[in-house]
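Under full-length UniProt numbering, the residues of the sequence shown are numbered 1 to 515, in order. In this text, a Cβ means the ideal position worked out from N, Cα and C, and glycines have one as well. Step one of this worksheet: look at the structure below.
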Amino acid sequence: MVRSQEEPAAARGTSEAQPAGPAPLGAAPLPGSGPLDGPEAVAAEKVEVELVGPAGAEPPEPPEGGWGWVVMLAAMWCNGSVFGFQNACGVLFVSMLKTFGSKDDDKMVFKTAWVNSLSMGMIFFCCPIVSVFTDMFGCRKTAVVGAAVGFVGLMSSSFVSSIEPLYLTYGIIFACGCSFAYQPSLVILGHYFKKRLGLVNGIVTAGSSIFTILLPFLLRVLTDSMGLFHTLRALCVFMFVLFLAGFTYRPLASSTKEKEGTKGGNRAALFSRRKFSPPKKIFNFAIFRVTAYAVWAIGIPLALFGYFVPYVHLMKHMNDRFQDEKNKEVVLMCIGITSGVGRLLFGRIADYVPGVKKVYLQVLSFFFIGLMSMMIPLCSIFGALIAVCLIMGLFDGCFISIMAPIAFELVGAQDVSQAIGFLLGFMSIPMTVGPPIAGLLRDKLGSYDVAFYLAGIPPIIGGVVLCFIPWLHIKKQREISKTAGEEKMEKMLENQNSLLSSSSGIFKKESDSVI
């Protein structure tokens, strides 16, 4: 993993991992860390609060396994619970229309679309705030509290009597909780893995694919047999498991020296270090000085204005277009299957693509996602629509699985939490706006054709913008290398001048002594 060579990255020093606390009890000892228990664990918890260690501290080496595999499984469940619900929201969307719909309300599709789009948008909108909480309190505490809030929001959604309260309970409270549980699952993986980060991210993000495959059928059975409200209560089980999974995000010890000091009971040193260490900025806007990251943070949201439209409206479109077809949920299952394959495949491929050239994989994925969105209205037979969804899912998996590795390449491990947070926050705007606009077009025009055609344009435009990132990154590296070379030459000249001066002084003294 190559740290960005631009000024903010250079100013951070060489630390590539955030310090953290103890390894879990009973786990195999991890390289660069060790299991701590009893009173020492309390002191080590203080290390988790501060993500930047003292000057000169050795960064923890990612263990590339051990307890990291348990963390990976927990993060996998998190991705499945959070985005499996979102990707299968088309089933809940149809159920909400049946539960709250009225023939006299000609804008019901538009109103109902706001529930799911608000939910997806809030997950990303909260991410910059979540990144601050992650920096202040660590991944574990942030994720556990988030899962608890999500549980409360989902449970309260099962007691509403109209569509409007769902904007608050499901669209905001539940989504905010999911956001606080989700982003730490991305950050913690970079602490435990480096060489295998692309593969691990592929496996973790495949969790949402597995849930996307299974949830549509489960939700259809539950909504048909139990109704919308009891279905939401049953889904609270997923959030409770997510609450438990958050406790596995145990941080690594920050350095060998600090670990030894902790084992010796030197709590005073830890508290003293925390007291006198320079405070970390709440919002680190300096990462936007990294030009390549700034372009990435613009291009990704630009590409996502139509990204979430098929997930929300595809089931309703199929009810309009293929009324006699049974098991319509199979299209969401197809997206989930190939999305999982894409996450594993492209996650592994990303490990072999050097540096920021991984961005080209996202460019390819956005091109195909946009093209497949435009082809949805052209499918007049059910088999053709399945083929389109299979291709869309494959490249959807590509886009998602390499997001975290690209962020690590652009800004480095120390700033990756806020880099991902800012990006996901920017993504909230197009993710929220896109589906309601598509629903409004459906209400006005009577079909989804125009909505799907328009949804395919932004991904292609965003992909074009992303093409500039590797060129900008290489250009900046050359400028910094040139500057570093000039500084090195100046130092060499200064050293030569000092040597000449000292030699001249010695020669003069010898001459005076001879005289």
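Please name the residue in the options whose C-alpha comes closest to that of residue i.
{"i": "glycine 462", "options": "Gln477, Val359 and Cys389", "result": "Val359"}
{"i": "phenylalanine 367", "options": "Val290, Asp396 and Leu214", "result": "Asp396"}
{"i": "glutamine 414", "options": "Phe346, Ile188 and Leu424", "result": "Ile188"}
{"i": "methionine 67", "options": "Glu479, Ala294 and Thr248", "result": "Methionine is not the amino acid found at residue 67; the sequence shown has tryptophan there. Minimum Cα distance to tryptophan 67 is reached at Thr248."}
{"i": "alanine 143", "options": "Glu164, Phe283 and Cys178", "result": "Cys178"}
{"i": "proline 301", "options": "Ser117, Gly425 and Leu154", "result": "Gly425"}
{"i": "methionine 375", "options": "Lys111, Val132, Ile457 and Ser131", "result": "Ile457"}
{"i": "methionine 72", "options": "Met403, Leu390, Arg250 and Phe137", "result": "Arg250"}
{"i": "asparagine 195", "options": "Arg478, Glu64, Gln183 and Leu441", "result": "Reading the sequence as shown, one finds lysine at residue 195 and not asparagine. Residue Glu64 is the option with its Cα nearest to lysine 195."}
{"i": "histidine 191", "options": "Leu445, Ile129 and Gly138", "result": "Gly138"}
{"i": "phenylalanine 283", "options": "Phe217, Ala404, Ile129 and Gly227", "result": "Ile129"}
{"i": "tryptophan 296", "options": "Ala404, Leu242, Ile480 and Val160", "result": "Ala404"}
{"i": "serine 365", "options": "Leu252, Phe346 and Leu472", "result": "Phe346"}
{"i": "leucine 222", "options": "Ser95, Pro377 and Lys444", "result": "Ser95"}
{"i": "phenylalanine 193", "options": "Leu252, Phe240 and Met155", "result": "Leu252"}
Using C-beta distances below 7 Å, list every residue in its chain close to residue i, excluding the 5 sequence neighbours before and after it, in chain order.
{"i": "proline 145", "result": "First, the residue type needs correcting, since residue 145 is valine and not proline in the sequence shown. For valine 145, where only same-chain residues beyond five positions count, the Cβ hits under 7 Å are Phe180."}
{"i": "glutamine 496", "result": "none"}
{"i": "leucine 344", "result": "Gly202, Ile203 and Ala206"}
{"i": "valine 341", "result": "Leu394 and Gly397"}
{"i": "phenylalanine 288", "result": "Ala294"}
{"i": "arginine 348", "result": "Gly198, Leu199 and Gly202"}
{"i": "glycine 80", "result": "Gly207, Ser208, Ile210 and Phe211"}
{"i": "serine 417", "result": "Ser131, Thr134, Asp135 and Val187"}
{"i": "phenylalanine 243", "result": "Val144, Ala147, Ala148 and Phe151"}
{"i": "valine 331", "result": "Leu314, Met318, Leu385, Ile386 and Cys389"}
{"i": "phenylalanine 238", "result": "Ser81"}
{"i": "valine 70", "result": "Thr248"}
{"i": "threonine 99", "result": "Leu228"}
Between residue i and residue j, what straight-line distance do the alpha-carbon atoms span, to the nearest angstrom?
{"i": "methionine 1", "j": "phenylalanine 422", "result": "Note on methionine 1: pLDDT 39, under 50, position unreliable in the model; the coordinate value appears next. Straight-line Cα distance between these residues: approximately 21 Å."}
{"i": "cysteine 236", "j": "isoleucine 474", "result": "47 Å"}
{"i": "lysine 476", "j": "isoleucine 469", "result": "11 Å"}
{"i": "phenylalanine 124", "j": "glutamate 409", "result": "21 Å"}
{"i": "alanine 234", "j": "proline 310", "result": "26 Å"}
{"i": "glycine 101", "j": "methionine 108", "result": "6 Å"}
{"i": "alanine 88", "j": "aspartate 224", "result": "15 Å"}
{"i": "cysteine 78", "j": "alanine 245", "result": "8 Å"}
{"i": "glycine 299", "j": "leucine 466", "result": "6 Å"}
{"i": "valine 450", "j": "proline 430", "result": "18 Å"}
{"i": "proline 165", "j": "alanine 113", "result": "14 Å"}
{"i": "valine 312", "j": "arginine 220", "result": "15 Å"}
{"i": "serine 339", "j": "lysine 482", "result": "43 Å"}
{"i": "valine 149", "j": "alanine 384", "result": "41 Å"}
{"i": "proline 459", "j": "tyrosine 448", "result": "18 Å"}
{"i": "serine 401", "j": "lysine 491", "result": "44 Å"}
{"i": "residue 516", "j": "aspartate 324", "result": "No answer is possible for residue 516: the residues shown for the chain start at 1 and end at 515."}
{"i": "valine 363", "j": "aspartate 351", "result": "17 Å"}
{"i": "serine 380", "j": "valine 388", "result": "12 Å"}
{"i": "valine 353", "j": "glycine 446", "result": "45 Å"}
{"i": "glutamine 183", "j": "arginine 140", "result": "11 Å"}
{"i": "lysine 444", "j": "glutamine 86", "result": "25 Å"}
{"i": "arginine 12", "j": "phenylalanine 399", "result": "Its pLDDT being 40, under 50, arginine 12 is placed unreliably by the model, and nothing is read from it."}
{"i": "residue 544", "j": "arginine 478", "result": "Outside the shown range of the chain (1 to 515) lies residue 544, about which nothing can therefore be said."}
What three-state label does DSSP hand residue i in the structure shown?
{"i": "glycine 462", "result": "helix"}
{"i": "glutamate 329", "result": "coil"}
{"i": "alanine 88", "result": "coil"}
{"i": "leucine 252", "result": "coil"}
{"i": "alanine 407", "result": "helix"}
{"i": "glutamine 323", "result": "coil"}
{"i": "proline 354", "result": "coil"}
Return the chain-ordered list of same chain residues with a C-beta closer than 6 Å to the C-beta of residue i, the five sequence neighbours on each side being excluded.
{"i": "phenylalanine 83", "result": "Ser208"}
{"i": "phenylalanine 322", "result": "Phe382"}
{"i": "serine 498", "result": "none"}
{"i": "phenylalanine 229", "result": "Ser158"}
{"i": "isoleucine 213", "result": "Met333, Gly336 and Ile337"}
{"i": "alanine 455", "result": "Gly306, Val309 and Ser373"}
{"i": "lysine 357", "result": "Pro470"}
{"i": "residue 520", "result": "The structure shown does not extend to residue 520, since the chain is modelled only from 1 to 515, so the question has no answer here."}
{"i": "residue 564", "result": "This structure does not reach residue 564, given that the chain is present from 1 up to 515, and the question cannot be answered."}
{"i": "glycine 434", "result": "Phe305, Gly306, Phe308 and Val309"}
Could you give the C-beta distance for residue i and residue j, rounded to a whole number, given that I count them as a contact under 8 Å?
{"i": "lysine 326", "j": "methionine 318", "result": "Not confirmed; about 11 Å, so no contact."}
{"i": "methionine 315", "j": "phenylalanine 93", "result": "6 Å"}
{"i": "serine 157", "j": "leucine 232", "result": "5 Å"}
{"i": "leucine 118", "j": "threonine 432", "result": "6 Å"}
{"i": "methionine 392", "j": "isoleucine 406", "result": "21 Å between Cβ atoms; not a contact."}
{"i": "serine 185", "j": "alanine 75", "result": "4 Å"}
Using 8 Å as the cut-off, classify the Cβ of residue i as near or not near the heavy atoms of the ligand NAP, replying yes or no.
{"i": "isoleucine 386", "result": "By its list of ligands, the structure shown contains no ligand whatsoever, and the ligand NAP lies outside what it can speak to."}
So, at 8 Å on beta carbons, what are the nonlocal neighbours of residue i in its own chain, with the 5 sequence-adjacent residues on each side left out?
{"i": "glycine 153", "result": "Thr169, Tyr170, Ile172, Ile173, Phe174, Ala175, Cys176 and Gly177"}
{"i": "proline 436", "result": "Phe110, Ala113, Trp114 and Ser117"}
{"i": "residue 516", "result": "Nothing in the structure corresponds to residue 516, since the chain is present only between 1 and 515."}
{"i": "glycine 90", "result": "Pro216, Tyr311, Val312, His313, Leu314, Met315, Lys316 and Leu332"}
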